[in-house]
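Below is one structure, written out as structure tokens; comments come after it.
2 protein chains.
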Amino acid sequence: MREWTYEGLMQELTKTAETKILLVVLDGLGGLPISEIGGKTELEASKKPNLDELAKSSMLGLLEPVLPGISPGSSAGHFALFGYDPLRYYVGRGVLEALGIGFPLQEGDVAIRANFATAQYEGNQPIIVDRRAGRPKTEETERLCAELKNAISEIDGVQILIEPVKEHRFVIVLRGEGLGEGVRDTDPQVTGRPPLTPQPEPDNPENRRTAEIAVKLIERTAEVLRSEPKANYVLLRGFAKRPNWVSFSELYKLNACCIAVYPMYRGLAQLVGMKVLDFEGDTIADEIAALKSVWNDYDFFFLHIKPTDSRGEDGNWQGKIAVIEEFDKNLPDILALKPDVLAITGDHSTPATYRAHSWHPVPVLLHSRWVIPDPEVKGFGERTCAKGTLGRIPSKFLMSLLLAHAERLERYQA
Amino acid sequence: MREWTYEGLMQELTKTAETKILLVVLDGLGGLPISEIGGKTELEASKKPNLDELAKSSMLGLLEPVLPGISPGSSAGHFALFGYDPLRYYVGRGVLEALGIGFPLQEGDVAIRANFATAQYEGNQPIIVDRRAGRPKTEETERLCAELKNAISEIDGVQILIEPVKEHRFVIVLRGEGLGEGVRDTDPQVTGRPPLTPQPEPDNPENRRTAEIAVKLIERTAEVLRSEPKANYVLLRGFAKRPNWVSFSELYKLNACCIAVYPMYRGLAQLVGMKVLDFEGDTIADEIAALKSVWNDYDFFFLHIKPTDSRGEDGNWQGKIAVIEEFDKNLPDILALKPDVLAITGDHSTPATYRAHSWHPVPVLLHSRWVIPDPEVKGFGERTCAKGTLGRIPSKFLMSLLLAHAERLERYQA
Chain A
437 MREWTYEGLM
447 QELTKTAETK
457 ILLVVLDGLG
467 GLPISEIGGK
477 TELEASKKPN
487 LDELAKSSML
497 GLLEPVLPGI
507 SPGSSAGHFA
517 LFGYDPLRYY
527 VGRGVLEALG
537 IGFPLQEGDV
547 AIRANFATAQ
557 YEGNQPIIVD
567 RRAGRPKTEE
577 TERLCAELKN
587 AISEIDGVQI
597 LIEPVKEHRF
607 VIVLRGEGLG
617 EGVRDTDPQV
627 TGRPPLTPQP
637 EPDNPENRRT
647 AEIAVKLIER
657 TAEVLRSEPK
667 ANYVLLRGFA
677 KRPNWVSFSE
687 LYKLNACCIA
697 VYPMYRGLAQ
707 LVGMKVLDFE
717 GDTIADEIAA
727 LKSVWNDYDF
737 FFLHIKPTDS
747 RGEDGNWQGK
757 IAVIEEFDKN
767 LPDILALKPD
777 VLAITGDHST
787 PATYRAHSWH
797 PVPVLLHSRW
807 VIPDPEVKGF
817 GERTCAKGTL
827 GRIPSKFLMS
837 LLLAHAERLE
847 RYQA
Chain B
437 MREWTYEGLM
447 QELTKTAETK
457 ILLVVLDGLG
467 GLPISEIGGK
477 TELEASKKPN
487 LDELAKSSML
497 GLLEPVLPGI
507 SPGSSAGHFA
517 LFGYDPLRYY
527 VGRGVLEALG
537 IGFPLQEGDV
547 AIRANFATAQ
557 YEGNQPIIVD
567 RRAGRPKTEE
577 TERLCAELKN
587 AISEIDGVQI
597 LIEPVKEHRF
607 VIVLRGEGLG
617 EGVRDTDPQV
627 TGRPPLTPQP
637 EPDNPENRRT
647 AEIAVKLIER
657 TAEVLRSEPK
667 ANYVLLRGFA
677 KRPNWVSFSE
687 LYKLNACCIA
697 VYPMYRGLAQ
707 LVGMKVLDFE
717 GDTIADEIAA
727 LKSVWNDYDF
737 FFLHIKPTDS
747 RGEDGNWQGK
757 IAVIEEFDKN
767 LPDILALKPD
777 VLAITGDHST
787 PATYRAHSWH
797 PVPVLLHSRW
807 VIPDPEVKGF
817 GERTCAKGTL
827 GRIPSKFLMS
837 LLLAHAERLE
847 RYQA
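Residue numbers (this note's numbering), protein chains in the order written: chain A, 437 to 850; chain B, 437 to 850.
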């Protein structure tokens, strides 16, 4: 007896159609009650006549990104929305760091999160005394990376690519044949200890090759940085390759397009095989203009709006409300495109009172001609969604719901 | 690709913190409408001003202990609340019977549920004519167990421990080296047949050793009981060892304490590695006094209140209401401890009209500074919970919710 997996079902049942699906992700949409505004959440308190009107003819519900109580990172939240179970599909930290700066990872590349650190030498033995080299400014890290880049471009036939990220963090990418990702971190996690050696996971010559390159790379960087007062050493973490997952088009027979400003989300969309659109500007209106410009070219659109999350992380509930209200003003332009299926949701909650990604399930609004609206619903909010006709479902099932409402799924079994 | 399990996630993501979590289990809390009181349930009909007030600033929901339609035993209901999936974590009947009388099972012990039975001999062949020996009174079983204990303390180097339970039931524990638990029941399940021999599961010398001891034990007990008019034979069932599961502290990094009066629940808490508190008295007030006395010593507290279930099993809805009202009167003393996270729920439902454990999901109230209360909620009851903002979730996910609200979980993936 074979048990159908969700992915298997999707590949088996999806069919092409003329319908268009639009998934709008207001990053970190969900919030918590705020006492200063009478216990309303950011979403509830927003003046959003268009969203509230749309809610009356839509189904509302709550999406659970991972499991109850689990606060997802950006990757987990998005993979879930794309229908990729985040407990099975996840990527290593090196890859996420590279995606975050928009680094164009190629197949076979090994991406590494690197830190500048401070070492003191006891004879030839480095001892890590500051794991973050006193947290250099980003410009300083840019200068240090430029020096490393100048000095080191290749080791044993492997190309060494170096890019700054932020403060003490940068990315190193190893590009070459036969490199494995199974290599342990060199960060000792505590100060006063020597760095760890980059241990390969056993019985794999590809991991061994990566580890050998890493050993030489560490030596070379230490030479280059020898005269730096603080950032004189490099710690390596999160060795990872870009995964080679079943693509959006293979899974769903969709021709999908991503409209996002931030590199991380563009990278996540690329990982599942979406076309990532280049466009001018970075406002919500700019994104919608870009959406409009390619409306005829694709049948699935992932529109990512970042500042809801950023304001939430800053604890700025007024700012988060303003972003939601700005989106609401632009909503008529989206509706004018007449998507057959429209979902408006988040990848996770970022309550401004909590100032971080949280575990609270995320409000979702699903609009299509095939929904069952609730006549009592007055608007789009956490509590109307908690009682919504869509119920509370794992985020990963949003994709099959979108496909169903777009009449893109065959019946399961006769 | 490795799929994260719930247990794996918990071990990976939990972190220590200064917060305190209190889980109050009103055993068998859930009920059904009672026509004599206008169709209200026991919980709905209770006068419980403190609980109703607390509900207004909490999240309400329903917990599903096992699966829809499945009525859990006490062990399954509690394992689920402790975050141990009851479809994966369960213990043999011998162990449950031993826990039920507070028998201090040691690692390696094989616990057996035993029945006194009546045998008639055809030559040397016993034929079971009453599988419960006419249901002797508990005092009679105590006398019989004392006789067995006097006569049999050891077989082939294995210590034989015998303790009465109730009516025809008692517990036998085999304590010694190299004993397996894979031995079949000897109860023929119908009368008029010989007892079964204790068959070891194949290819395991430890099971064979237990079976050999069991054969001799049955012969010895039959000799001792030879002159008894009814209870002249012993049937053995549910050979089981105490399992060695990942502990509460390993899973959650919690220092957990159990406050319970009944041996069974104390035993269940011990199985997952909680410290079980000894204290004076057996009322709800006594339990709360005990809770108060150790409030500074632990960070997780499991407070078990039994009589809601007992009254439900008796069909005594007035009695069950009285227990809920007694708990309500004591609630201010609990709230005065200011737990960071407080959950009030049951391990299963025991509707007084049904007079048994039932499959109905269990009302739950979750209180912390990070909840989304429903302004329309007027009180704590099955129907307010069915519409609650917490939704309906498997009981096993209550633990990750408690940990999240206590800020004891790291984010999943970057």
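All C-beta atoms, glycine included, are put in the ideal place defined by N, C-alpha and C.
Is residue j closer than 8 Å to residue i when the C-beta atoms are compared?
i, j, result
"R828 (chain B)", "G497 (chain B)", "yes"
"R673 (chain A)", "R549 (chain A)", "yes"
"G616 (chain A)", "N640 (chain A)", "yes"
"V670 (chain A)", "F816 (chain A)", "no"
"G709 (chain A)", "S683 (chain A)", "yes"
"T781 (chain B)", "S794 (chain B)", "no"
"D776 (chain A)", "K492 (chain A)", "no"
"E599 (chain A)", "T574 (chain A)", "no"
"F675 (chain B)", "V546 (chain B)", "yes"
"N591 (chain A)", "A788 (chain A)", "The residue asked about is misnamed: residue 591 (chain A) is Ile in this sequence, not Asn. No. Outside cutoff."
"M622 (chain A)", "I654 (chain A)", "Looking at the sequence itself, residue 622 (chain A) is Thr, so the reference to Met does not match. For T622 (chain A) and I654 (chain A), yes; Cβs fall inside 8 Å."
"P522 (chain A)", "P630 (chain A)", "no"
"E543 (chain B)", "N643 (chain B)", "no"
Would you report the Cα separation of residue i and residue j, rounded to the nearest angstrom?
i, j, result
"A582 (chain B)", "R662 (chain B)", "15 Å"
"E454 (chain B)", "L778 (chain B)", "15 Å"
"L727 (chain A)", "V800 (chain A)", "21 Å"
"E812 (chain B)", "E478 (chain A)", "19 Å"
"L767 (chain A)", "I720 (chain A)", "10 Å"
"L690 (chain A)", "E749 (chain B)", "56 Å"
"K652 (chain B)", "A555 (chain B)", "17 Å"
"P867 (chain A)", "V759 (chain B)", "Chain A is shown from 437 up to 850; residue 867 (chain A) falls before or after that span and cannot be answered."
"D488 (chain B)", "T633 (chain B)", "57 Å"
"G530 (chain A)", "T441 (chain A)", "29 Å"
"K585 (chain A)", "L704 (chain A)", "26 Å"
"K742 (chain B)", "G751 (chain B)", "15 Å"
"Y790 (chain B)", "H796 (chain B)", "11 Å"
"V712 (chain B)", "L490 (chain B)", "28 Å"
"S729 (chain A)", "D722 (chain A)", "11 Å"
"Q447 (chain A)", "L687 (chain A)", "5 Å"
"P508 (chain A)", "G464 (chain A)", "10 Å"
"G513 (chain B)", "F763 (chain A)", "46 Å"
"F736 (chain A)", "F833 (chain A)", "16 Å"
"Y698 (chain B)", "K451 (chain B)", "31 Å"
"E761 (chain B)", "K476 (chain B)", "15 Å"
Quick check on residue i: buried or exposed, where buried means 16 or more other Cβ atoms within 10 Å of its Cβ?
i, result
"Q849 (chain B)", "buried"
"A534 (chain B)", "buried"
"A772 (chain B)", "exposed"
"I506 (chain B)", "exposed"
"G444 (chain B)", "exposed"
"W753 (chain B)", "buried"
"T646 (chain A)", "buried"
"N668 (chain A)", "buried"
"Y526 (chain A)", "buried"
"M700 (chain A)", "buried"
"Y734 (chain A)", "buried"
Residues of chain B with CB under 7 Å from residue i, in chain order?
i, result
"Y526 (chain A)", "Q849"
"K823 (chain A)", "K823"
"R828 (chain A)", "G827"
"S511 (chain A)", "Q849 and A850"
Across which residues does DSSP place residue i in a beta bridge pair?
i, result
"K851 (chain B)", "Chain B is shown from 437 up to 850; residue 851 (chain B) falls before or after that span and cannot be answered."
"Y557 (chain A)", "A:P562"
"Y669 (chain B)", "B:A553"
"P485 (chain B)", "Paired residue(s): none; P485 (chain B) is not in a bridge."
"I598 (chain A)", "A:I608"
At 8 Å on the CB atoms, spell out the chain B contacts of residue i, in chain order.
i, result
"K573 (chain A)", "Here the premise fails: no neighbours, minimum Cβ distance about 22 Å."
"R529 (chain A)", "A850"
"I506 (chain A)", "L445, L449, S836, A840, L845 and Y848"
Taking residue i as the query, report the chain A residues whose CB atoms sit under 8 Å from its CB, ordered along the chain.
i, result
"Y442 (chain B)", "L503"
"I808 (chain B)", "L468, P469, T477, H796, E818, R819 and A822"
"F684 (chain B)", "Result: empty, since nearest Cβ-Cβ is about 16 Å, beyond 8 Å."
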